[in-house]
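Colleague: For the sequence shown, our numbering assigns the number 414 to the initial residue and increments by one for each residue that follows.
Structure incoming, see below.
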Amino acid sequence: MAAASSGEAPASFSLRIGPAPPATGTVSIRRGACFFGRTISGRSSMSGSAPPAEPGPSAPDSAPDRASPSDSSGAGSARFFQNARPMAARLPQDRGKNVADRRRKKGESRRRVGNWRRLRNLSGRKRGAMRGAILTGLALAALWVLCGRAGAADYEVFDGTGGHTRAAPIVMVLHGAGGSGRQVRLSSRFDRWAAAFGVVAVYPSGGGRLWNDGRFADNPRRADLAARDDVGALLAIAADLDARGLGDADRLYVIGHSNGGGMAMRLACDRPDAIKGIAVVATKVLKGVPCARAGVPVPVVFFYGTEDGLNPHEGRGGSGRWRDRALGPSLSAADSLALWARRNGCDGPGAARILDPAEDGVRVKRTDWTGCRAALRYFEIEGGGHSWPGARPLRLIRLTGGAEPFIRDIDAGQEALRFFLGRR
């Protein structure tokens with residue numbers, strides 16, 4: 414069993430397991446206020462009732478393509494973003510003169526109200542850009558507000574082993590900012606790969622829909638998040654599942670998307686002894702985030718889209734656009750790979766393999782580094798954006814990250830498990 418975080422006692426869990434089908438099963442764990450470290454009556458409390466989860470893995474053709482907005486985690490539902498209507502649907506249909514005429518007839522002020530003619534007379538491209546900018550600002554502002562609030566946190570466990578969980582690997586799948594365990598479970602459709610490879614899949618939800626990946630250490634406005642021990646909390650989940658016979662914490666792997674990818678890299682930096690491998694989707698190495706144990710190699714596979722609008726391929730500066738300042742500076746894709754190649758003691762990249770079986774508008778290049786003490790693999794998605802490869806892009810990502818193709822050449826979950834378990 415893997416040890417819990419240093420300096421803290423393992424958290425106490427209350428687990429409720431419902432009836433499960435013969436081959437596979439789902440365990441839903443719901444906890445009380447805020448996040449893993451919330452103390453109630455002097456101890457960590459993670460008890461509560463869990464909403465029933467769908468039993469068994471979904472077939473690839475019948476599984477949902479996008480995340481369900483109905484998340485039981487309380488405040489900060491993604492429904493706000495997924496149901497956002499285009500601005501044109503909310504524009505007043507009457508011109509300013511007609512509105513003033515009606516007000517004059519009612520004896521009200523003859524003040525002329527907003528005239529939307531200028532917006533309507535713009536070209537289609539400019540009008541679309543303006544609407545996109547407005548919706549992007551509203552979405553990110555609301556996301557920032559929601560992420561600053563304490564909300565309920567929960568995680569779900571899917572048994573893909575057919576009941577033989579005690580010696581099975583545990584694979585944690587971490588959502589991006591604004592997401593949840595339920596959201597990434599449904600959008601990635603990772604259950605089917607957990608069943609195919611015989612692993613236990615865990616889908617935690619970060620407190621306030623964020624993970625403390627280290628970028629907020631110098632931000633006084635996010636001192637509460639910077640002080641939160643998400644590393645210890647995630648390892649406590651693995652240790653508790655091990656104690657219950659629901660997986661082997663000594664075989665712990667982590668897959669993270671966006672902010673979740675940053676959290677996966679932080680786990681590998683802070684506790685490389687507890688992590689057998691990580692997969693990083695759509696996020697680069699953050700500048701200024703210290704790596705406590707950078708000399709310890711950890712197997713890692715990266716998935717980067719060359720047209721990522723949120724985490725650009727060429728890296729992100731810490732100044733300029735307000736979005737860049739909010740997200741923090743990051744290295745480029747090439748520099749991120751070079752850093753991990755040095756850490757893992759690699760000689761250099763091998764020959765790239767082209768993967769382009771689907772006509773999806775993108776092309777994938779797979780590169781494996783050679784002579785490494787720990788394996789390093791890279792999937793470069795030419796024309797890909799910020800979305801999870803193999804899943805339909807979420808609407809919020811399309812609004813904030815630009816064009817987002819549906820990548821069908823590879824699936825990040827499948828390729829991550831092949832990498833972790835040494836399968837072709």
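Quick reminder that beta carbons are idealized off the backbone N, C-alpha and C, glycines included.
No experiment lies behind these values; they were computed from the predicted model shown.
(1) Distance check for R657 and E720, CA to CA, integer angstroms please.
(2) Per DSSP, D781 forms a beta bridge with which residues?
(3) Please classify I767: is it buried, with 16 or more other beta-carbons within 10 angstroms of its beta-carbon, or exposed?
(4) With a threshold of 16 other CB atoms inside 10 Å of the CB of A614, please say whether the residue is buried or exposed.
(5) Is S743 helix, strand or coil when you go by DSSP?
(6) What ranges does the beta strand (DSSP E) occupy inside the segment 746-772, keeping only unbroken runs of at least 3 residues that lie completely in it?
(7) Should L752 and G673 be called a contact, given that it needs their Cβ atoms to be closer than 7 Å?
(8) Is it buried or exposed for E772, if we count other Cβ within 10 angstroms and need 16 for buried?
(9) Would you check if the segment 706-719 and the segment 770-790 touch, i.e. whether three or more CB-CB distances between them fall below 8 Å?
(10) Leaving out five residues on either side along the sequence, give the residues of the same chain with a beta carbon under 7 Å from the beta carbon of R684.
(11) For Y568, would you say it is in contact with chain D, using Cβ-to-Cβ distances shorter than 7 Å as the test?
(12) Looking at R664 and P582, is the spacing between their C-beta atoms short of 7 Å?
(13) By the three-class DSSP mapping on this structure, what secondary structure does A662 have?
(14) Taking the Cβ atom as the reference point for each residue, do I823 and P802 lie within a distance shorter than 7 Å?
(15) When DSSP labels each residue in this structure, what does V702 get in the three-state scheme?
(16) Enumerated in chain order, which unbroken segments of the beta strand (DSSP E) with a length of 3 residues or greater are wholly contained in the segment 584-660?
(17) In the DSSP assignment, what are the bridge partners of E727?
(18) Do N724 and K697 have their C-beta atoms within less than 7 Å of each other?
(19) Residues in the same chain with beta-carbon distance under 6 Å from V584, minus the five sequence neighbours each way, listed in chain order, please.
(20) Classify A446 as helix, strand or coil using the three-state DSSP reduction.
(21) Since G798 and G730 should fall inside the 8 Å C-beta cutoff, what is the C-beta to C-beta distance between them, to a whole number of angstroms?
(22) What residues match up with A692 in a beta bridge as DSSP calls it?
(23) In the structure shown, what three-state DSSP assignment does A687 receive?
(24) Got a sec? Which residues, its chain only, sit under 7 Å from R479 by beta carbon, not counting five neighbours each side?
(25) For E795, which three-state DSSP category applies?
(26) Is D626 closer than 7 Å to G675 when the C-beta atoms are compared?
(27) Pick from F603, D661, A630 and G761: whose alpha carbon is nearest that of F571?
(28) Specify the secondary structure class of R579 as computed by DSSP and reduced to three states.
(29) With a Cβ-Cβ cutoff of 7 Å, do A590 and L623 count as a contact?
(30) With distances taken from CA atoms, which of C682, Y717 and K700 is nearest G708?
(31) Run through DSSP, which three-state label would R831 get?
(32) With which residues is R776 paired in a DSSP beta bridge?
(33) Count the other C-beta atoms from every protein chain shown that fall within 10 angstroms of the C-beta of H670, then say buried if there are 16 or more, exposed otherwise.
(34) Buried or exposed: which applies to P703, given that a residue is buried once 16 or more other Cβ atoms fall within 10 Å of its Cβ?
(35) Let me know if P633 comes out buried or exposed under the rule of 16 or more other beta-carbons within 10 Å of its beta-carbon.
Modeller: Here's the rundown:
(1) Each residue's Cα considered, the two are about 43 Å apart.
(2) Residue pairing of D781 in beta bridges, as defined by DSSP: R790.
(3) Burial check for I767: the Cβ neighbour count within 10 Å stays below 16, so the residue is exposed.
(4) A residue is called buried once 16 or more other Cβ atoms fall within 10 Å of its Cβ, and A614 is buried on that count.
(5) The three-state reading of DSSP puts S743 in strand, counting E and B together.
(6) The segment 746-772 contains these whole beta strand (DSSP E) runs: 766-768.
(7) Not closer than 7 Å, so no.
(8) Exposed is the call here.
(9) Output reads yes: the segment 706-719 touches the segment 770-790.
(10) The residues are V644 and L648.
(11) In the displayed structure, chain D is absent; only one protein chain is listed.
(12) In this structure, P582 places its C-beta atom within 7 Å of the C-beta atom of R664.
(13) Note: A662 maps to strand in three-state DSSP.
(14) Contact flag set, yes.
(15) In the structure shown, V702 adopts coil according to DSSP, grouped into three states.
(16) Fully enclosed beta strand (DSSP E) runs of 3 or longer: 613-617.
(17) In the DSSP assignment, E727 is bridged to no other residue.
(18) Using a Cβ distance threshold of 7 Å, N724 and K697 count as a contacting pair.
(19) Within its own chain, the residues whose Cβ lies closer than 6 Å to the Cβ of V584, once the five positions on either side in sequence are excluded, are V612, A614 and Y666, listed in chain order.
(20) In this prediction, A446 scores a pLDDT of 30, lower than 50, which makes its location untrustworthy; the coordinate-derived value is nonetheless stated afterwards. Coil.
(21) Rounded, the Cβ-Cβ distance is 20 Å, inconsistent with contact.
(22) The partner list for A692 (beta bridge, DSSP) reads I668 and V714.
(23) Secondary structure of A687 (DSSP, three-state): helix.
(24) In this predicted model, R479 has a pLDDT of only 33, less than 50, meaning its place in the structure is not dependable enough to derive any value.
(25) Strand at E795.
(26) In this structure, D626 lies closer than 7 Å to G675 by Cβ.
(27) For the residues F603, D661, A630 and G761, the minimum Cα distance to F571 belongs to F603.
(28) R579: coil per DSSP, three-state reduction.
(29) Yes, they are a contact pair.
(30) Check the Cα spacing between G708 and each of C682, Y717 and K700: the tightest is with C682.
(31) Here DSSP, grouped into helix, strand and coil, assigns R831 to helix.
(32) The partner list for R776 (beta bridge, DSSP) reads E795.
(33) With 16 or more other Cβ atoms within 10 Å, it is buried.
(34) Around the CB of P703, fewer than 16 other CB atoms lie within 10 Å, so the residue is classed as exposed.
(35) With fewer than 16 Cβ atoms within 10 Å of its Cβ, P633 is classed as exposed.
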